[in-house]
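Chains as they are written, first to last, in the numbering used here: chain A, 1 to 392; chain B, 393 to 641.
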Amino acid sequence: MKRALYVALNEVRLYIRDKGDLAFGMLLPIVTFALMYGAFGGHTLFEATAPIVDEDGGPYAARLVAQLEAVPGIDIDRLTAAQADTRLERSDLQLVLYIPAGFSDALAAGEPAQLVFRQRGNGGQEGQILASIIRGVAGDIDREFRVHRQVAAGLAGAAVPADRIAVTVQELLDRERRQPAVAVAEEVVGGSPDFINQFLPGIVVMYVLFSLTLSARVIVEERKRGTLERLLTTRLSVGGLYFGKFMSSVFRGFIQTFILLGLSYIVFRFFTPVSFLAALVVAFVFAAAAAALGMIIASIARSEDGAAWIGVVFTMTMVMLGGTFFQVAEGSVLDTIGKISIITYGREALGTIIAGSGTLGDTVFQLTVLAGVAVVGLVISRLIFRAVPGGK
Amino acid sequence: MAEEFLVVKDLHKSFNEHKAVNGVSFAIEKGEIFGLLGPNGAGKTTTIRMLSTVLEPDSGEVVIGGHSIRQEPEAVRSIIGVCPQELALYEDLSALDNMVFFGRMAGLNGQEARAQAMQHLELMGLVERARGRVSRFSGGMKRRINLAIALMGTPRLLFLDEPTVGIDPQSRNNIYETIRGLRDRGMTILYTTHYMEEADRLCRRVAIMDAGQIITLDTPRQLKSQIGSPDQVTLEDVFLKLTGRSLRD
Ligand SMILES: Nc1ncnc2c1ncn2[C@@H]1O[C@H](COP(=O)(O)OP(=O)(O)OP(=O)(O)O)[C@@H](O)[C@H]1O
Ligand SMILES: [Mg+2]
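Right, here's the structure in full:
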């Protein structure tokens, strides 16, 4: 047992010396994390610049632009029609709002007025969000306009001056805007944007699973180096050798997760000390399951390339089935198929803890499945494992 | 007659119908350097792999230090040291790390392993490079480390499978001296080599193997006297006479 531990330590030492493996195992998760943070961590708000061509120049166009500008996160970029056209042409812009000439006049005359979106393709994700914000603002203006006209029509003949009606109605509308009948309150939970809650667990477990490809190589590499055979002439038992390799794989997977979770703790602050420890427990059990599967591959593979390929195909299948990159509807066929992927269980368990919606107690089912995979995988791989082909 | 430390009886091993070792029997006395010679593919390495419990024999009996390799492989492994024909090292680790690791595998504690490692590195003239990464070592240095690792845990029986292949006369001399020193301290050694002169100088007795069988076994002097005056013929003459001149493998 003690010797198995030395085998594991030796393996870890080799891993640290191997720059490529180290980069793959440690740096890549950190880079992914940094990218995620850059993309989603800094701001939760939608921010965009709305390119607008105002060919109308009238009061209603001005009001539309002013109200758009008042939307948080939206900046206005006024362009001439020619500028907008060239930029659209060059794909510098995906979507432009045109306020056609005569827009204000039409509204003033009580006629329907039109806004035009010019866009490339579907306008891009940002364009689509912008468009819907613009529609909302235009809808508000339209509604206010109708209210003005209806009030004016209703009071027609009464001895109220038209400008007085307009001012009163506007005051009412402004008050309404400040205190809407249906208010939407935004509550940010734990300071964590939704994307992170949804994908971080998947990404974390995915990296652990990737490390399985490295683990799958440990036996073949040792054999090729000749040290496997040499070890078999020492007091180290085959079981000890085997268990040492397994432990080193668990350790590697666990350290990776530890780094990612630690960064999340420091940067996103999703954890309390207790939930952080709980997440580490999940990480450990998941790393053990992944390592056991890695050992099966290691026992089957006859060459380093073979081990790498089986490892990659296996992990990618698990990652895809496990819903790492997309949300799978509950009860769907994909959801059912996903149950064969250990990613699913790791993701769910880690997700429960990261989202703060549960404690370790709520992940007992997932942890049991993962521990079962670890034990069964270890037993199976030990049974197939032959240190020397045709030998022990 | 001196105590026999290793006894091999009628050892057989085939790889897909090919008889790599075909009925080998011999015995090595305690404290003896025993040479196992033979052309490429004769079955020397296969024999050593079986004796060192790596490969299971198809049939035959081997007893080392009173322990049968079949019944008590653990006991056997605790008294043997193996220097394999191919380098078997962690090139990314330092010489010292390699030796300490294998020392631990041989049952030493950390302190003992470090002490022994330094002692063996000294013996091999590699103390200054103890902390150097093995991948940056020359071929001769790697060979010496390969041998030094086999000494960790002070085994009672050493298997040396061509320990001097591809190295300069200085390194080779260093290895000879080391091996003689070990024998003087009572270690039993099974030695294979393709350098006949080397076997002649080092070994008390040699066995010449061909096609999986031992075709002769005696002291170098006796073997030489079979074909002429022992002071005029070489062991190489004997070897070529017995195994023929056709190429192997
Ligand atoms: N794992 C194996 N699978 C198949 N054949 C093998 C295997 N190991 C050895 N052989 C064959 O057994 C025979 C004996 O090989 P072995 O390595 O024991 O020879 P050797 O005497 O050590 O040769 P050399 O001097 O070249 O090292 C050779 O024909 C070799 O091809
Ligand atoms: Mg050989």
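Idealized CB from N, CA, C, for every residue including glycine. Since the structure is predicted, the reported quantities are computational estimates derived from the model, not experimental observations.
Distance, residue j Cα to residue i Cα
i: Asp489 of chain B; j: Ile571 of chain B; result: 23 angstroms
i: Pro193 of chain A; j: Val373 of chain A; result: Note on Pro193 of chain A: pLDDT 49, under 50, position unreliable in the model; no value is reported.
i: Glu330 of chain A; j: Ser341 of chain A; result: 15 angstroms
i: Val188 of chain A; j: Ile74 of chain A; result: Its pLDDT being 48, under 50, Val188 of chain A is placed unreliably by the model, and the measurement read from it follows with that caveat. Those two C-alpha atoms are separated by around 20 angstroms.
i: Thr585 of chain B; j: Glu466 of chain B; result: 28 angstroms
i: Leu481 of chain B; j: Leu241 of chain A; result: 16 angstroms
i: Gly190 of chain A; j: Ala355 of chain A; result: Bear in mind that the predicted position of Gly190 of chain A carries a pLDDT of just 45, short of 50, making it unreliable; the figure below should be weighed with that in mind. Taking the straight line joining both Cα atoms gives about 8 angstroms.
i: Met206 of chain A; j: Leu293 of chain A; result: 14 angstroms
i: Val468 of chain B; j: Met497 of chain B; result: 14 angstroms
i: Arg575 of chain B; j: Lys616 of chain B; result: 24 angstroms
i: Ala599 of chain B; j: Val416 of chain B; result: 10 angstroms
i: Glu55 of chain A; j: Phe117 of chain A; result: 13 angstroms
i: Val147 of chain A; j: Arg120 of chain A; result: 35 angstroms
i: Ile472 of chain B; j: Leu447 of chain B; result: 15 angstroms
i: Ile16 of chain A; j: Gly25 of chain A; result: 10 angstroms
i: Arg3 of chain A; j: Gly573 of chain B; result: 30 angstroms
i: Asn122 of chain A; j: Arg135 of chain A; result: 16 angstroms
i: Thr445 of chain B; j: Thr315 of chain A; result: 36 angstroms
i: Gly311 of chain A; j: Thr213 of chain A; result: 5 angstroms
i: Leu634 of chain B; j: Gly430 of chain B; result: 10 angstroms
i: Gln125 of chain A; j: Thr324 of chain A; result: 22 angstroms
i: Thr86 of chain A; j: Arg78 of chain A; result: 14 angstroms
i: Glu569 of chain B; j: Glu590 of chain B; result: 12 angstroms
i: Glu144 of chain A; j: Gln179 of chain A; result: 15 angstroms
i: Gln150 of chain A; j: Gly139 of chain A; result: 16 angstroms
i: Ser638 of chain B; j: Asp602 of chain B; result: 12 angstroms
i: Val400 of chain B; j: Val388 of chain A; result: 22 angstroms
Chain-ordered neighbours of residue i on chain B, where CB pairs are closer than 7 angstroms
i: Gly372 of chain A; result: What Gly372 of chain A touches in chain B: nothing, since even the nearest Cβ is about 32 angstroms away.
i: Asp18 of chain A; result: Asp484
i: Arg3 of chain A; result: Arg496, Met497
i: Asn10 of chain A; result: Phe493
Contact set between residue i and chain A, taken where Cβ atoms lie within less than 8 angstroms
i: Pro476 of chain B; result: Gly226, Glu229, Arg230
i: Ala480 of chain B; result: Arg225, Gly226, Thr227, Glu229, Arg230
Under 7 angstroms from the C-beta of residue i: neighbouring residues of chain A
i: Arg640 of chain B; result: Residues of chain A passing the Cβ test: none, with the nearest at roughly 23 angstroms.
Reference residue i, options the options, closest by Cα
i: Pro51 of chain A; options: A:Leu88, A:Leu97, A:Arg90, A:Asp85; result: A:Leu97
i: Gln114 of chain A; options: A:Leu14, A:Arg175, A:Ile141; result: A:Ile141
i: Ile384 of chain A; options: A:Leu200, A:Ile296, A:Ala355; result: A:Ile296
i: Phe397 of chain B; options: B:Phe493, B:Ile425, B:Ala522; result: B:Ile425
i: Asp105 of chain A; options: A:Ile134, A:Ala61, A:Val65; result: A:Ala61
i: Thr368 of chain A; options: A:Leu95, A:Ala289, A:Thr324, A:Leu93; result: A:Ala289
i: Asn566 of chain B; options: B:Leu594, B:Val400, B:Leu634; result: B:Leu594
i: Met442 of chain B; options: B:Glu628, B:Pro431, B:Glu421, B:Val474; result: B:Val474
i: Ser299 of chain A; options: A:Phe246, A:Gln170, A:Ser132, A:Ile255; result: A:Phe246
i: Lys436 of chain B; options: B:Tyr583, B:Met544, B:Lys401, B:Gln614; result: B:Tyr583
i: Thr272 of chain A; options: A:Ser357, A:Gln179, A:Thr32; result: A:Ser357
i: Gly38 of chain A; options: A:Leu130, A:Ala371, A:Val267; result: A:Val267
i: Phe270 of chain A; options: A:Pro201, A:Val376, A:Ala308, A:Ala159; result: A:Pro201
Per-residue contacts from residue i into chain B (C-beta, under 9 angstroms)
i: Arg235 of chain A; result: Glu466, Arg469, Ser470, Met497, Ala498, Gly499, Gly545
i: Val388 of chain A; result: Arg441, Val446, Leu447, Glu448
Neighbouring residues, chain B, relative to residue i (Cβ below 8 angstroms)
i: Tyr396 of chain A; result: For chain A, the structure presents residues 1 to 392; residue 396 of chain A sits outside this window and is missing.
i: Arg13 of chain A; result: Leu485, Asp489
Distance between beta carbons of residue j and residue i, contact taken as under 8 angstroms
i: Gly322 of chain A; j: Thr344 of chain A; result: 5 angstroms
i: Ile619 of chain B; j: Leu549 of chain B; result: Rounded, the Cβ-Cβ distance is 31 angstroms, inconsistent with contact.
i: Ala287 of chain A; j: Leu350 of chain A; result: With 8 angstroms as the limit, Ala287 of chain A and Leu350 of chain A do not qualify as a contact, their Cβ atoms being about 12 angstroms apart.
i: Ile259 of chain A; j: Pro29 of chain A; result: 6 angstroms
i: Leu518 of chain B; j: Met533 of chain B; result: 6 angstroms
i: Pro476 of chain B; j: Arg230 of chain A; result: 6 angstroms
i: Gly531 of chain B; j: Val413 of chain B; result: That pair is no contact at about 29 angstroms.
i: Thr580 of chain B; j: Ile420 of chain B; result: 6 angstroms
Fully enclosed by the segment 395 to 468 of chain B, which beta strand (DSSP E) runs are 3 residues long or longer? 396 to 407, 410 to 421, 425 to 429, 451 to 456
Secondary structure, alpha helix (DSSP H): runs of 4+ residues fully inside the segment 272 to 314 of chain A: 273 to 300
In chain order, which beta strand (DSSP E) runs of at least 3 residues are fully inside the segment 600 to 634 of chain B? 605 to 610
Alpha helix (DSSP H) runs wholly inside the segment 10 to 92 of chain A, at least 4 long, in chain order: 19 to 22, 28 to 36, 59 to 70, 81 to 89
List, from N- to C-terminal side, the beta strand (DSSP E) runs of 3 residues or more that fit wholly inside the segment 100 to 151 of chain A. 116 to 119
Would you list, in sequence order, the uninterrupted alpha helix (DSSP H) runs of no fewer than 4 residues that lie entirely inside the segment 578 to 603 of chain B? 588 to 594
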